[in-house]
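Novice:
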Amino acid sequence: MNSHLLPNALSSPSATCDYTPQLRQFMQHAGVSSFAALSRMAGVSESQVRWLRRGKVTQMRLETLLKLAEALQISLGELLAVFAGIEAKTETSVEIREEFDRLQAQLANQREELLREFQQESLDILESWMLNWPVAAYRAVQNPELAAVKLLPLVKPVEKLIQHWGVEAIAQVGTSVPYDPQQHQLCQGNAAPGQPVTVTHTGYRQGDRLLLRAKVTAPQ
Numbered sequence: 005m006n007s008h009l010l011p012n013a014l015s016s017p018s019a020t021c022d023y024t025p026q027l028r029q030f031m032q033h034a035g036v037s038s039f040a041a042l043s044r045m046a047g048v049s050e051s052q053v054r055w056l057r058r059g060k061v062t063q064m065r066l067e068t069l070l071k072l073a074e075a076l077q078i079s080l081g082e083l084l085a086v087f088a089g090i091e092a093k094t095e096t097s098v099e100i101r102e103e104f105d106r107l108q109a110q111l112a113n114q115r116e117e118l119l120r121e122f123q124q125e126s127l128d129i130l131e132s133w134m135l136n137w138p139v140a141a142y143r144a145v146q147n148p149e150l151a152a153v154k155l156l157p158l159v160k161p162v163e164k165l166i167q168h169w170g171v172e173a174i175a176q177v178g179t180s181v182p183y184d185p186q187q188h189q190l191c192q193g194n195a196a197p198g199q200p201v202t203v204t205h206t207g208y209r210q211g212d213r214l215l216l217r218a219k220v221t222a223p224q
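To convert, take the position in the sequence shown, counting from 1, and add 4; that gives this note's numbering.
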């Protein structure tokens, strides 16, 4: 289906139709206070809301109807049954369902892309903290008398958030690990792959993607 307009197999109601009472009932159930609020929640223009009130759903884009249905917390089929004033023919129902499924998949992909962009922007902002905080935490644990050790529990929510995003530490500060040039940045000394090195700054990866290489030093 090339057009995203609702198929013409649904007959247009008369221009004198007024579905405002039905719309108000749906709005009340969904906790929407006004037509302007519905417009904002659905992300559509107020003129599209007016079209819905007049029952002109056959002249509206299916994407718009889907957004309005989600804002009203009803199914697309229920919205069409109420505001179109006539049931769709079988072949039209199939066509609408196919377009509905396509739009749902498209919206899901958009949500995933937005989530990835949000995570990446957040990780860019947190990069300095991710690099330096484990060092400060390691030193605080090594010397419990430092006042900074009391701050460690306060950062747990941030650490849990990063873990929830699938971000994993490559190596912990102070540990000895076999040198891996792909995961480690050698900052001092010389080491061949596989030789023991000491981690000075934690590295991170997210799934198969390397975010930050762990900084390491070789024994003198």
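Glycine included, C-beta positions come from ideal geometry on N, C-alpha and C.
Report the partner residues of residue 202 according to the DSSP bridge assignment.
Specialist: Counting from one through the sequence shown, the residue named residue 202 turns up at place 198. Answer by DSSP bridge pairing, in chain order: 180 and 221.
Novice: So, with DSSP's three-state summary, where would you put residue 172?
Specialist: Indexing the sequence shown from 1 puts residue 172 at position 168. Strand at residue 172.
Novice: How long is the line joining the alpha carbons of residue 157 and residue 206, rounded to whole angstroms?
Specialist: One-based indexing of the sequence shown puts residue 157 at position 153. One-based indexing of the sequence shown puts residue 206 at position 202. Taking the straight line joining both Cα atoms gives about 19 angstroms.
Novice: Given a cut-off of 8 angstroms on the beta-carbon distance, is the pair residue 42 and residue 61 in contact?
Specialist: Position 38 of the sequence shown, counting from 1, holds the residue named residue 42. Position 57 of the sequence shown, counting from 1, holds the residue named residue 61. Taking 8 angstroms as the Cβ cut-off, residue 42 and residue 61 do not qualify as a contacting pair.
Novice: Excluding the 5 residues flanking residue 172 on each side, which residues of the same chain have their C-beta closer than 8 angstroms to its C-beta?
Specialist: The sequence position of residue 172 within the sequence shown is 168, counting from 1. Counting only Cβ-Cβ distances below 8 angstroms, and skipping sequence neighbours, we find 208, 209 and 210.
Novice: Hey, residue 218 and residue 192: beta-carbon distance below 8 angstroms or not?
Specialist: Within the sequence shown, numbered from 1, the residue matching residue 218 stands at position 214. Within the sequence shown, numbered from 1, the residue matching residue 192 stands at position 188. No.
Novice: Between residue 51 and residue 39, what straight-line distance do the alpha-carbon atoms span, to the nearest angstrom?
Specialist: Looking up residue 51 in the sequence shown gives position 47. Looking up residue 39 in the sequence shown gives position 35. Straight-line Cα distance between these residues: approximately 10 angstroms.
Novice: Whole angstroms is fine: what's the gap from residue 80's alpha carbon to residue 27's?
Specialist: For the purposes of this step, residue 80 is taken as the residue at position 76 of the sequence shown. For the purposes of this step, residue 27 is taken as the residue at position 23 of the sequence shown. About 14 angstroms.
Novice: Helix, strand or coil, according to DSSP, for residue 26 in the structure here?
Specialist: As a first step, residue 26 must be located in the sequence shown, where it is residue number 22. Of the three classes helix, strand and coil, the one that applies to residue 26 here is helix, per DSSP.
Novice: So, for residue 203: in the same chain, excluding its five sequence neighbours on each side, which residues have a beta-carbon less than 7 angstroms away from its beta-carbon?
Specialist: Walking along the sequence shown from the start, residue 203 turns up at place 199. Correct list, in chain order: 175, 176, 177, 178, 179, 181, 218 and 220.
Novice: How would you call residue 2, buried or exposed, if buried means at least 16 neighbouring beta carbons within 10 angstroms?
Specialist: Examination of residue 2 is not possible in this model, given that the chain is present from 5 through 224 alone.
Novice: Ends of the alpha helix (DSSP H) at residue 52?
Specialist: Locating residue 52 in the sequence shown gives position 48, where the first residue counts as 1. Run containing residue 52: 50-57, per the alpha helix (DSSP H) assignment.
Novice: Can you tell me where the beta strand (DSSP E) with residue 209 in it begins and where it stops?
Specialist: In the sequence shown, counting from the first residue as 1, residue 209 sits at position 205. Per DSSP, residue 209 belongs to the beta strand (DSSP E) from 208-210.
Novice: Tell me which same chain residues have a C-beta within less than 8 angstroms of the C-beta of residue 106, skipping the five on either side of it?
Specialist: For the purposes of this step, residue 106 is identified with residue 102 of the sequence shown, where counting begins at 1. Correct list: empty, nothing qualifies.
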